[in-house]
Amino acid sequence: MSEPVVPLDPYGPSAGRKHMTGKPPRPKTVTLDLHSHLRIVEADEFVKPHLPPEGSNTALRFTNPKSREYYAQNAKARAAAWTDIPTRLADMDKMDLDVMAISSLPTQFYYVTEKSVGQEVAHIVNDGIKAKIKDHPKRFVGIGTLPMQDTDMAIKELDRVVNDLGFRGIQIGARCVNDELSAERFEPLWKRCEELGVVIFVHPSSFESNRFSRHHITNIIGNPLDTTTAMHYLIFDGVMMRYPKIKFYMSHGGAFASAYSARMDHAFGSRPDTRETITEMPSTYLKQFYLDTIVFSTHQLKYLVEQFGADHIALGTDYPADMGEYTPVEHVYQTDLTETEREKICGLNALKMLGLDEAQFKR
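Residue numbers for the sequence shown follow our numbering, beginning at 67 and rising by one.
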């Protein structure tokens, strides 16, 4: 078998498109990455005795030994990037990022634990993020996590991260164990999120299946499928209809939902069981979402801007994962957009969503 034509470079320019030569341009305005992750080691240490045998990354059960071995190698090689602030700052400078919104490693949702454990570990994660970023207010903003296994506890922690820690967003999974995000018990949480005006960053944990065991398909297909499913439930169960001002920021360009929306509309016109809650075409509600830029190709990013509007797209990297985008500003500048659109996507949209003033990040 011949070697791949594309060299293995997991943390360099994406193989999903060709790249500029030389130093790429950047906007004069602030650039902000709204999709990045940080591992809080203390949380892992605290929660370990309370986890099931497979741990918090349940998708690994459906991954073959070769991929699991690579996961372990990757975690070891990238330990500093996941935890160390100086390493992150240096990488941000390489990526032309002025500011990074810091959310936890998605495997640190810990929704599989008992609710009191979930509440305590959410405190540890959020306090850990605050401690990591407090010395760099011009470079970082915090995104909190919630104990989603209990709605009352989730609302209490939401209020704490906003009012006490000064965070302007939360990160949640695309589902909570067996509960979809449209589950009735989450209604008070979405009401409170809309009242506070916080960003709700939705990140997948993979759509688990034995069919996804090889070729990293648990991530390539599983992660976007998890997000896609969440978006469909939020639309068809009426969450987007009931909370028109809510700010859901969806990973990986809105996954498959953003690229195949006409199928939803077709179903709405063909089947009464898709009309049980909503009153408008599903794509009407789809356009309320905010999407990140992690789609890798210029034609897909251009499509998102055309379909959702430049006001609804905000820069993301997925740093420091190997499925991340490591030339995010270049990606925007390679795409056929106006300078105003580029400025919005590279940072101004995220600042507006977070309710932050660009002036506080000027260096």
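Just so it is clear, CB atoms sit at the ideal spot from N, CA and C, and this is done for glycine as well.
Next on the checklist: For residue 110 and residue 179, I'd like the C-alpha separation in whole angstroms.
Outcome noted: 12 Å
Checklist entry - Looking at C-alpha atoms only, which residue of 211, 315, 381 and 345 is the closest neighbour of residue 307? => result 345
Checklist entry - So, helix, strand or coil for residue 112, using DSSP? => result helix
Checklist entry - Excluding sequence positions up to five away, which residues of its chain have a Cβ less than 8 Å from the Cβ of residue 405? => result 93
Checklist entry - Which residues mark the beginning and the end of the alpha helix (DSSP H) in which residue 398 is found? => result 394-400
Checklist entry - My guess is that residue 453 and residue 420 are in contact by the Cβ rule of under 8 Å, so how many angstroms apart are they, rounded? => result This structure does not reach residue 453, given that the chain is present from 67 up to 429, and the question cannot be answered.
Item to check | Span of the beta strand (DSSP E), counted from its first residue to its last, around residue 231 | outcome: From DSSP, residue 231 is part of no beta strand (DSSP E); its letter is neither H nor E.
Item to check | C-alpha gap between residue 335 and residue 297, whole angstroms | outcome: 19 Å
Checklist entry - By a C-beta neighbour count over all protein chains shown, 10 Å radius and 16 as the cutoff for buried, is residue 415 buried or exposed? => result buried
Item to check | Option in 85, 89 and 101 with minimal Cα separation from residue 383 | outcome: 101
Item to check | residue 174 classed as buried or exposed, judged by whether at least 16 other C-beta atoms fall within 10 angstroms | outcome: buried
Checklist entry - With distances taken between CB atoms, is the gap from residue 164 to residue 429 smaller than 9 Å? => result yes
Item to check | Residue from 75, 80, 72 and 238 with nearest C-alpha to residue 364 | outcome: 80
Checklist entry - On the three-state DSSP scale, how would you describe residue 281? => result coil
Checklist entry - If we call anything under 9 Å between Cβ atoms a contact, is residue 156 one with residue 209? => result no
Checklist entry - Rounded to the nearest angstrom, how far is the Cβ of residue 183 from that of residue 116, given a contact under 8 Å? => result 5 Å
Checklist entry - What alpha helix (DSSP H) runs, 4 residues minimum, are completely inside the segment 226-269? => result 253-262
Checklist entry - Should residue 104 be labelled buried (16 or more other beta-carbon atoms within 10 Å of its own) or exposed? => result buried
Next on the checklist: Can you check which of these residues, 274, 402 and 88, is closest to residue 128 by C-alpha distance?
Outcome noted: 274
Checklist entry - So residue 298 is in the alpha helix (DSSP H); what residue range does that whole segment cover? => result 288-302
Checklist entry - So what does residue 447 bridge to, in DSSP terms? => result As displayed, the chain neither begins before 67 nor continues past 429, which places residue 447 out of reach and without an answer.
Item to check | Three-state secondary structure (DSSP) of residue 151 | outcome: helix
Checklist entry - For residue 407, which residues of its own chain have a beta-carbon under 7 Å away from its beta-carbon, when the five flanking residues on both sides are left out? => result 371 and 376
Checklist entry - Span of the beta strand (DSSP E) holding residue 99? => result 98-104
Checklist entry - Just checking, does the segment 238-257 make contact with the segment 210-217 on the three C-beta pairs under 8 Å criterion? => result yes
Item to check | Residue from 301, 427, 338 and 112 with nearest C-alpha to residue 324 | outcome: 301
Checklist entry - What does a CB cutoff of less than 7 Å around residue 13 pick up in its chain, not counting 5 residues either side in sequence? => result Residue 13 lies beyond the range of the chain shown here (67 to 429); nothing can be said about it.
Checklist entry - Do you know how far the Cα of residue 146 is from the Cα of residue 349? => result 41 Å
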